[in-house]
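See below for the structure under consideration.
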Amino acid sequence: MANAKMPFCLLAFFCLLLQLFSIFHIGNAELEMNYYRESCPRAEEIIRQQVETLYYKHGNTAVSWLRNLFHDCVVKSCDASLLLETARGVESEQKSTRSFGMRNFKYVKVIKDALEKECPSTVSCADIVALSARDGIVMLKGPKIDMIKTGRRDSRGSYLSDVETLVPNHNDSLSSVLSNFNSMGIDVEATVALLGAHSVGRVHCVNLVHRLYPTIDPTLDPDYALYLKNRCPSPNPDPNAVLYSRNDRETPMVVDNMYYKNIMAHKGLLVIDDELASDPRTAPFVAKMAADNDYFHEQFSRGVRLLSETNPLTGDQGEIRKDCRYVNSK
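Residue numbers (mature numbering (1 follows the signal peptide of the UniProt record, and there is no 0)): -29 to -1, 1 to 301.
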């Protein structure tokens, strides 16, 4: 009788193992290409259409999508924690001084509403962050990045207390930035390329005046320094005033290698720009990217892919928010 019962016991044991494996697999799922192919086949098309429509109405949204990806993923996880507003016991990461100048969050809701109409409670806000960045880069004449995986889920909380240490400041050293990126699995070459996002957008005078007053930073090109002083005529600029300089005066809304040409000519806005062009760890990559836009685009694409896959929530972790601004009601 004992031998007759063995097959049944073994079968029950293996069934239990299969159930445990299934639970483990769901909780530790990985990102994949075209994750919504069955649950919401038009998801990526809808996001792309909304990004294009918003760009033609509000061109600066494209820069915002790129910045959102960076600010979301470097803080713990690519989990849309950045998008949460202060409510229901959550303190928004947007309150941090490191989020100064970020905007256009309201247009994320436009994208989310279009997805909710097509496929309710299906597409995560975290995937909206990643895919809108990809499509925004195209609108900025940057590379078309085809290999952005999806399947992220949204956090149920924010990490406001961690933002100050995890998001680089305007005057952080290159060493600290390289160290932060390395901790996310992003190598030096890809980090140099990602900093090429400074090719678009602008920097408020609040973050520039330390290079101009009381004396001009000697590493700045003298003529460029005079231009910056004209843009920022006071050592104490009003943070609420529209006082800024474009990151790149030549092609200010194009993701291209002009950034590297500028910093090699000592025409970078931030301290890290100057360090990037002079530090022996990064200078060879800067020179190569300045000389070859295709190479820059190739490494920028790789950097964006690495950044977008930083520690995502997947499987049964987190949730799919109905509204990207708030965690779901229990």
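We put the beta carbon where it would ideally sit given N, CA and C, even for glycine.
If you're wondering where the values come from, they're calculated on a predicted model, not measured in any experiment.
Cβ-Cβ separation, residue j to residue i (assumed contact under 8 Å), whole Å
{"i": "K232", "j": "A196", "result": "18 Å between Cβ atoms; not a contact."}
{"i": "L137", "j": "N151", "result": "7 Å"}
{"i": "S216", "j": "R173", "result": "6 Å"}
{"i": "E64", "j": "V46", "result": "7 Å"}
{"i": "L102", "j": "E15", "result": "6 Å"}
{"i": "H175", "j": "G72", "result": "6 Å"}
{"i": "R69", "j": "V134", "result": "5 Å"}
{"i": "I291", "j": "T121", "result": "Between T121 and I291 the Cβ distance is about 12 Å, and since that is not below 8 Å, they are no contact."}
{"i": "V171", "j": "V34", "result": "5 Å"}
{"i": "residue 321", "j": "I99", "result": "The structure shown does not extend to residue 321, since the chain spans only -29 to 301, so no value can be given for it."}
{"i": "F267", "j": "N228", "result": "4 Å"}
Within 8 Å, strictly: CB atoms of residue i and residue j
{"i": "D143", "j": "T190", "result": "no"}
{"i": "H42", "j": "L53", "result": "yes"}
{"i": "Q163", "j": "L247", "result": "The amino acid at residue 163 is misidentified as Gln; the sequence shows Val. Yes, they are a contact pair."}
{"i": "S272", "j": "P114", "result": "yes"}
{"i": "N31", "j": "N75", "result": "yes"}
{"i": "V87", "j": "K293", "result": "Just to set this straight, residue 87 is Glu in the shown sequence, not Val. Yes; because the gap between Cβ atoms is below 8 Å, this pair is in contact."}
{"i": "V180", "j": "P208", "result": "yes"}
{"i": "G239", "j": "A161", "result": "no"}
{"i": "I243", "j": "L145", "result": "yes"}
{"i": "C96", "j": "P283", "result": "no"}
{"i": "Y297", "j": "A51", "result": "no"}
{"i": "Q21", "j": "V81", "result": "yes"}
{"i": "Y62", "j": "R13", "result": "Correcting the residue type first, residue 62 is Glu in the shown sequence and not Tyr. Cβ distance not < 8 Å, so E62 and R13 don't count as in contact."}
{"i": "T281", "j": "M155", "result": "yes"}
{"i": "M118", "j": "R276", "result": "yes"}
{"i": "D192", "j": "A236", "result": "yes"}
{"i": "L2", "j": "R123", "result": "yes"}
Simplified DSSP assignment, three categories, for residue i
{"i": "E133", "result": "Position check: residue 133 holds Asp in this sequence, whereas Glu was assumed. Three-state DSSP puts D133 in a helix."}
{"i": "E87", "result": "helix"}
{"i": "residue 304", "result": "In this structure the chain extends from -29 to 301, so residue 304 is not present and cannot be described."}
{"i": "I(-4)", "result": "Confidence at I(-4) is low in this model, with a pLDDT of 39, below 50, so the placement of that residue should be treated as unreliable; the coordinate-derived value is given next. Three-state DSSP puts I(-4) in a helix."}
{"i": "S52", "result": "helix"}
{"i": "V225", "result": "coil"}
{"i": "E62", "result": "coil"}
{"i": "D43", "result": "helix"}
{"i": "F(-9)", "result": "Since pLDDT at F(-9) reaches only 39, below the 50 mark, its modelled position is unreliable, and the value read off the structure follows with that caveat. Three-state result, F(-9): helix."}
{"i": "Y297", "result": "strand"}
{"i": "L284", "result": "strand"}
{"i": "D125", "result": "strand"}
{"i": "E9", "result": "coil"}
Residue range of the alpha helix (DSSP H) that includes residue i
{"i": "R276", "result": "N264 to S279"}
{"i": "R19", "result": "A14 to K28"}
{"i": "T240", "result": "Inspection of the sequence shows that residue 240 is occupied by Leu rather than by Thr. Per DSSP, L240 belongs to no alpha helix (DSSP H) and is neither H nor E."}
{"i": "G107", "result": "C96 to M110"}
Terminal residues of the beta strand (DSSP E) in which residue i lies
{"i": "S70", "result": "That residue, S70, is in no beta strand (DSSP E); it is neither H nor E in DSSP."}
{"i": "C215", "result": "Before going further, note that residue 215 is Tyr rather than Cys in the sequence given. Start and end: Y215 to R217."}
- Unbroken stretches of the beta strand (DSSP E), 3 residues or longer, contained in the region 137 to 205: With a minimum length of 3 residues, the continuous beta strand (DSSP E) runs that stay inside the region 137 to 205 are 173 to 175.
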